[in-house]
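Participant: My questions all concern the structure below.
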Amino acid sequence: MKNLNKVLEIYNHNELKEMAIEEQELWLRAKIVMQFIFLREKSGYTQQEIAEKMGVMRQQITRFENMSNSPTIFFLVKYASALNTELDVILRGVELMEGTHEGNL
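Structure below.
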């Protein structure tokens, strides 16, 4: 408990709050990517097949799934469409993942 109080005290520092917000944003982004990967694999598609359905290079799918780029909303909508679903359905799936990450702020 003593350590927890110390961590909470440190968290109150503004600079660390900003870091916590960045961590939340990264976690949200990871959950979105995980949802896309889960649905792609569940549907039996390879990255190459999704890329072909989207009209993009496979490397774009790889970079998105490795979180090495920040996709546009248009890219996410196209990816969802290639999975025969809509972006809002995928985002609702992400909402269901809420609480799976300890320490949500």
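Residues in the sequence shown are numbered from 15 upward in steps of one, following the working numbering.
Cβ coordinates follow ideal geometry from the N, Cα and C atoms, glycine included.
Note that the structure is a prediction, hence the values are computed from the model and not measured.
Determine whether the Cβ of Glu-63 lies closer than 8 Å to any Cβ atom of chain B.
Facilitator: In the displayed structure, chain B is absent; only one protein chain is listed.
Participant: Take Ala-47 and list the residues in its own chain whose beta-carbon comes closer than 8 Å to its own, dropping the five residues that flank it on each side.
Facilitator: Taking the first residue of the sequence shown as position 1, residue 47 is located at position 33. This sequence places Val at residue 47; Ala is not what is there. Closer than 8 Å at Cβ, skipping near neighbours: Phe-78, Glu-79 and Met-81.
Participant: Please report the straight-line C-alpha distance between Glu-39 and Glu-100, rounded to a whole angstrom.
Facilitator: Translated into the one-based positions of the sequence shown, residue 39 becomes position 25. Translated into the one-based positions of the sequence shown, residue 100 becomes position 86. Annotation: Glu-39 to Glu-100 spans about 22 Å, alpha carbon to alpha carbon.
Participant: Give the straight-line distance between the Cα atoms of Arg-72 and Arg-106, rounded to the nearest whole angstrom.
Facilitator: Residue mapping note: residue 72 aligns to position 58 of the sequence shown, counting from 1. Residue mapping note: residue 106 aligns to position 92 of the sequence shown, counting from 1. Going by C-alpha positions, Arg-72 is about 26 Å away from Arg-106.
Participant: Taking only runs that begin and end inside the stretch 29-86, name each unbroken alpha helix (DSSP H) of 4 or more residues, in chain order.
Facilitator: 61-68 and 72-79
Participant: Is Glu-79 close to the ligand MG? I mean its beta-carbon at under 7 Å from any heavy atom of the ligand.
Facilitator: Because no ligand of any kind appears in the structure shown, any question about the ligand MG cannot be addressed here.
Participant: Quick check: what's the CA-CA separation for Thr-60 versus Ile-104?
Facilitator: The residue given as residue 60 occupies position 46 in the sequence shown. The residue given as residue 104 occupies position 90 in the sequence shown. Computed Cα separation, rounded: 18 Å.
Participant: Excluding sequence positions up to five away, which residues of its chain have a Cβ less than 7 Å from the Cβ of Leu-119?
Facilitator: Numbered from 1 along the sequence shown, position 105 holds the residue referred to as residue 119. Low per-residue confidence applies at Leu-119: pLDDT is 39, beneath 50, and the placement is therefore not dependable enough to give any value.
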